[in-house]
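S.K.:
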Ligand code: URA
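Numbering (my numbering), first residue to last: 3 to 436.
1. Tell me the rounded alpha-carbon separation between residue 335 and residue 403.
2. Just grab the DSSP bridge partners of residue 379 for me.
3. Could you name the residues that DSSP lists as bridge partners for residue 109?
4. Tell me whether residue 426 is buried or exposed, calling it buried when 16 or more other Cβ atoms sit within 10 Å of its Cβ.
5. Given 7 angstroms as the limit, tell me if residue 181 has its C-beta closer than that to any heavy atom belonging to the ligand URA.
6. Confirm, please, whether the CB-CB distance from residue 48 to residue 134 is below 8 angstroms.
7. Return the first residue and the last residue of the alpha helix (DSSP H) that residue 271 is part of.
8. Across which residues does DSSP place residue 200 in a beta bridge pair?
9. Provide the residue span of the beta strand (DSSP E) that contains residue 351, from first to last.
10. Examine the ligand URA and report whether any of its heavy atoms sits within less than 7 angstroms of the Cβ of residue 199.
11. Could you have a look at residue 250 and say whether DSSP puts it in helix, strand or coil?
12. Are there 16 or more other CB atoms within 10 angstroms of the CB of residue 233, so buried, or fewer, so exposed?
13. In angstroms, rounded to a whole number, what distance separates the CA positions of residue 384 and residue 26?
14. I want to check one thing, is the minimum distance from the CB of residue 176 to the heavy atoms of the ligand URA below 7 angstroms?
15. Hey, is the region 305-320 in contact with the region 382-399, meaning 3+ C-beta pairs nearer than 8 angstroms?
16. Below 8 angstroms, can you find three or more Cβ-Cβ pairs linking the region 62-77 to the region 268-279?
17. Assign residue 251 to one of two classes, buried (16 or more other C-beta atoms within 10 Å of its C-beta) or exposed (fewer than that).
18. Contact between the region 169-186 and the region 50-57 is defined here as three or more beta-carbon pairs at a separation below 8 angstroms; is this criterion met?
19. Does DSSP put residue 390 in a helix, a strand or coil?
20. Quick one: is residue 115 buried, meaning 16 or more other Cβ sit within 10 Å of its Cβ, or exposed?
21. Mind checking who residue 431 pairs with in its DSSP beta bridge?
22. Find out if the Cβ-Cβ distance for the pair residue 348, residue 247 is shorter than 8 angstroms.
23. Taking just the CA atoms, how far does residue 162 sit from residue 228?
24. How many Å lie between residue 353 and residue 241 at the Cα?
25. In this structure, does DSSP put residue 330 in helix, strand or coil?
26. So the candidates are 292, 412, 290, 298; which of them puts its Cα closest to the Cα of residue 261?
27. The ligand URA heavy atoms versus the CB of residue 347: any closer than 7 angstroms?
28. Quick one: is residue 389 buried, meaning 16 or more other Cβ sit within 10 Å of its Cβ, or exposed?
29. Identify every run of the beta strand (DSSP E) within the region 31-96, keeping only runs that are complete inside it and at least 3 residues long; order them along the chain.
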């Protein structure tokens, strides 16, 4: 088999066989197929697409390119959740403790933030002493005893994806649906959970900007996961504005704790209930979505989910007292209120731009090596649809200095669009693919 023939075949719109796909992924992971040939193939895939059997074969080959985590010791109710990324997305911090309190086992591997989006690992490090590095034995032990654990991704999880993703980034081949499906699902399959629930974002802060693309991506990921024998569901949700109100690491942890304490943070609480219901029903813990939702609500009302968060923080070396007293989390020295410049409705917000405000304050990374400030960010006071008078609070900026706060204020004001007519907003949850 020759890589040039396979590139040629895909360039002409042909269908690659399972064997050909395994040859490519094995050869590329081993360094026998060079980056320039892989780049050419990925560009051909971007233009020609892949059939469902091709995408499934590619995903499985990528998943098997490294370690396949075995979670069978945790029993039948292992679950994982993946979000395609957004601004203010602290869902895992709320969802995992709720599911754990209802009998699920979530052994999650998460990433760090890059660019305008944050990462769960960074957010958790706001708990003093918290560590996401641990042995595989300890990882399983925490998942078993607490019901959930969140660690950094191991180096050898889907190494083919690591190489391919880095290459896609510099060859303009990121936004190909089969390449995104195989990239995300290879890591999820290798992570070992029986049930996988996906949160596919659509809108200005997401990389699937149109709803149509988001549904296509959701359907294909569900399809591939099912072919691989996993229980699957995907929820397509709005990312035209940040999720919840807080954007920035410690600020998002505080908001997640507020939801676990029973506060209704619009959209965030609902999203966690919808994702959680899917996990409990797909994994067989609850017989139907209504029962699942009631169990999840009880986990908040009884304080069980909040206690799960404290147990997990303690098991991973962090200070559990900060769960009950969030004033122990990092706090920025400067706070500045940003006020509405005019009367009227907020007709739109640029979610991505709000993420960039937090990043520029020091809360996110421009490069992987950047050190971030966990205390800074933005807490929105009003989002799209709100009707304000000039001078009403729009947001509070948490900054390391007055200069940074002043700069952020200018940037943040540009994220809002005002108008005189009440905007018609689509529902936050666009649909469930199951
Ligand atoms: N996230 C991933 O892990 N891979 C992609 O291709 C896109 C988003």
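Using N, Cα and C, we set each Cβ at its ideal position, and we do this for glycine too.
M.R.: Walking through what the data contain:
1. Taking the straight line joining both Cα atoms gives about 7 angstroms.
2. Note: residue 379 sits in a beta bridge opposite 400.
3. Its beta-bridge partners are 151.
4. Residue environment analysis places residue 426 among the exposed positions, since fewer than 16 neighbouring C-beta atoms fall within 10 angstroms of its C-beta.
5. At least one heavy atom of the ligand URA is nearer than 7 angstroms to the Cβ of residue 181, so yes.
6. With a cutoff of 8 angstroms on beta-carbon distance, residue 134 and residue 48 are scored as not near each other.
7. Segment 270-284, the alpha helix (DSSP H) holding residue 271.
8. The partner list for residue 200 (beta bridge, DSSP) reads 84, 236.
9. Residues 346-351.
10. Result no, Cβ not under 7 angstroms from the ligand URA.
11. Coil, per DSSP.
12. With 16 or more other Cβ atoms within 10 Å, it is buried.
13. When rounded, the distance between both Cα atoms is 50 angstroms.
14. Here the distance from the Cβ of residue 176 to the nearest heavy atom of the ligand URA is below 7 angstroms.
15. Touching, no, given that fewer than three Cβ pairs across the two stretches are closer than 8 angstroms.
16. The way I'd put it, the region 62-77 doesn't touch the region 268-279; fewer than three beta-carbon pairs between them come closer than 8 angstroms.
17. Buried: at least 16 other Cβ atoms inside 10 Å.
18. Enough Cβ pairs lie closer than 8 angstroms, so yes.
19. Strand, per DSSP.
20. Burial call: buried.
21. Residue 431 is bridged to 239.
22. Between residue 348 and residue 247, the gap from beta carbon to beta carbon reaches 8 angstroms or more.
23. In this structure, the alpha-carbon of residue 228 lies about 21 angstroms from that of residue 162.
24. C-alpha separation (whole angstroms): 7 angstroms.
25. Residue 330 falls in the helix class under three-state DSSP.
26. From the listed residues 292, 412, 290, 298, the smallest Cα separation to residue 261 is found for 298.
27. With a cut-off of 7 angstroms, the C-beta of residue 347 is classified as distant from the ligand URA, since no heavy atom of the ligand falls inside that distance.
28. Around the C-beta of residue 389, fewer than 16 other C-beta atoms lie within 10 Å, and the residue is accordingly described as exposed.
29. Counting whole runs of 3 or more residues, the region 31-96 contains the beta strand (DSSP E) stretches 81-85.
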